[in-house]
Amino acid sequence: MQKKHLRIALPFIILLVGITVTFALISNRKPPRSKKMPQEKTTLVRTIIVKKQNQPVQIHSTATTQSTDVLLLSSEIKGKIIWVNQDFVEGGRTDKDEAVFKINPTDYSLMAEQAHSTLVKAKNDLIIAKGKQNASIKERELFQKSNSDFKMPNVKQWDSEVEKAKSTLNAANANYKTAELNLKRTTVYAPFRGYVRSAKISIGQFVNGGQSVGEIIKDKPVILKVLLPLSDLAWIKLAGDESGEWQQGSSVVVSKKIGNTVHQWNGYVDRQLREMDNMGKMATVIIEVQNINSNHDFILPFSLFVDVTIQGINLENIISIPHEALRSNSTVWQVTKQNRLAIQTVSIIRKNNQSYFLADGLKNNDQIVTSNIQAAVPGMKLSIFGEPSKKNARPKKTKNRSAKKGTKGSNQEQKTRKIKSKQNNPHD
Numbered sequence: 062m063q064k065k066h067l068r069i070a071l072p073f074i075i076l077l078v079g080i081t082v083t084f085a086l087i088s089n090r091k092p093p094r095s096k097k098m099p100q101e102k103t104t105l106v107r108t109i110i111v112k113k114q115n116q117p118v119q120i121h122s123t124a125t126t127q128s129t130d131v132l133l134l135s136s137e138i139k140g141k142i143i144w145v146n147q148d149f150v151e152g153g154r155t156d157k158d159e160a161v162f163k164i165n166p167t168d169y170s171l172m173a174e175q176a177h178s179t180l181v182k183a184k185n186d187l188i189i190a191k192g193k194q195n196a197s198i199k200e201r202e203l204f205q206k207s208n209s210d211f212k213m214p215n216v217k218q219w220d221s222e223v224e225k226a227k228s229t230l231n232a233a234n235a236n237y238k239t240a241e242l243n244l245k246r247t248t249v250y251a252p253f254r255g256y257v258r259s260a261k262i263s264i265g266q267f268v269n270g271g272q273s274v275g276e277i278i279k280d281k282p283v284i285l286k287v288l289l290p291l292s293d294l295a296w297i298k299l300a301g302d303e304s305g306e307w308q309q310g311s312s313v314v315v316s317k318k319i320g321n322t323v324h325q326w327n328g329y330v331d332r333q334l335r336e337m338d339n340m341g342k343m344a345t346v347i348i349e350v351q352n353i354n355s356n357h358d359f360i361l362p363f364s365l366f367v368d369v370t371i372q373g374i375n376l377e378n379i380i381s382i383p384h385e386a387l388r389s390n391s392t393v394w395q396v397t398k399q400n401r402l403a404i405q406t407v408s409i410i411r412k413n414n415q416s417y418f419l420a421d422g423l424k425n426n427d428q429i430v431t432s433n434i435q436a437a438v439p440g441m442k443l444s445i446f447g448e449p450s451k452k453n454a455r456p457k458k459t460k461n462r463s464a465k466k467g468t469k470g471s472n473q474e475q476k477t478r479k480i481k482s483k484q485n486n487p488h489d
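Each residue of the sequence shown is one higher than the one before, counting from 62 in this note's numbering.
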């Protein structure tokens, strides 16, 4: 009977034991380790803070110095050279209205005297002709009153004589003025202050009218023909009349490094030529330099290749960024307040060799990336070069070394006391 009951209860006992063991295993099982999320990658970058400012436009170019006037000096009359200015030599200088050379005036002086005599005679002939004309008129009036049978005098004859005398006088006067003018032309003067490029004349030489005897270059102002892109013309101001007053054009600095010294001359933009270059892309503006002495007192020579910097109009409230900060499609990499990357489109109004000038797209105190990123993705986390990293900013644990030192010190003192007590009590 008991075996029968055991057979019936055994399955239930086994089931109960299994449940108990299973429950015990589940209760004692360690919880599974949670998987750590991968840490977000941070990219180290260099940045700058942009500021709005007023920036003058500077236009850089090069040009060659030229003179406004080049004169081939010559005489208007022919004759023999009797005097030459000692400064009229190659490399010399002339002042305005300074005598350069003289032609023998003897022949022209005699011509002037002869012309003067002819003029005096013509004046007397006119006086005589007018006297005869007046006498003929009075004689005719008397004849008409007397009713005489004599032939009436011909007044028209004397009228023609007077007109003829007047013509002769005018011709004599013109000849005299020409003779006087030719006499003055025996001395040749420089029309402006200049530099003598060449001189081909000497005392005793015979020259003809119109024969070139040298070349004088006007020393100032010095001009430069500067080629500029059409887009640069909007940033410069030409000289001209504004409100009835003459206004100087944009200021210009002309510079040249000679040895270890940089010489500078100040000028201004005077005018623009209407012709374009051969390619039809570049315009020409004329720059004038009135003061030909540099800041180191060096006279600006002709045919010198120089650097030109034109000071254009002022750009107000604009932002300038270096070339390396501009990305493709006119964008920049902006750093957000959360140190995340944002791609911002900007509007460029001008550029030079160092910077781009932006009209909009950025605000004052915005932070942008200047270094390169291999794969820039909006929202990526950035670490700014030079700023402390949050990852490494953990507080350091300080050990209580002073307490340990104190414990060691007290133990040492106890040992010392025990040794001393034994020495004092050897029977213990």
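For every residue, glycine included, the Cβ atom is placed at its ideal position computed from N, Cα and C.
query	result
Distance between beta carbons of threonine 123 and valine 367, contact taken as under 8 Å	7 Å
Local conformation of lysine 317 per DSSP, three classes	strand
CA-to-CA distance, glutamine 333 to alanine 344, given in whole angstroms	8 Å
Rounded Cβ spacing between leucine 361 and threonine 155 (contact assumed at less than 8 Å)	Wrong, their Cβ atoms sit about 18 Å apart, outside the cutoff.
Proximity of glutamine 116 and serine 292 at Cβ, strictly below 8 Å	no
For glutamine 308, the first and last residue of its enclosing beta strand (DSSP E)	306-308
Sub-8 Å separation of valine 145 and serine 263 beta-carbons	yes
Pair within 8 Å by beta-carbon distance, threonine 247 and glycine 140	yes
C-alpha distance - leucine 134 paired with glycine 310, whole-angstrom precision	33 Å
DSSP bridge partner residues for tyrosine 256 (one or two, in chain order)	Arg154 and Ile278
Contact check, alanine 386 vs valine 393, beta carbons under 8 Å	yes
Below-8 Å beta-carbon distance, asparagine 352 vs any chain C residue	Protein chain content of the structure displayed is limited to a single chain, and chain C is not contained in it.
Contact set for proline 439: own chain, Cβ-Cβ below 7 Å, skip 5 residues either direction	Leu402, Ala403 and Ile404
Host beta strand (DSSP E) of glutamine 272 (start-end)	Neither: glutamine 272 is in no beta strand (DSSP E) and is coded neither H nor E.
Helix, strand or coil at alanine 464 [DSSP, three-state]	In this prediction, alanine 464 has a pLDDT of 43, which is less than 50 and means its spatial position is unreliable; nothing more can be read from the coordinates.
Arginine 258 versus glutamate 276: straight-line alpha-carbon distance, rounded	5 Å
Lysine 500 (DSSP reduced to helix, strand or coil)	Nothing about residue 500 can be reported from this structure: the residues present for the chain run from 62 to 489 only.
Residue of Leu285, Ile319 and Val369 minimising C-alpha distance to aspartate 331	Leu285
For asparagine 115, the three-state DSSP class (helix, strand or coil)	strand
Residue range of the beta strand (DSSP E) that includes valine 287	283-290
Nearest neighbour of glycine 192, chosen from Ala226, Tyr169, Leu171 and Asn165 [CA to CA]	Ala226
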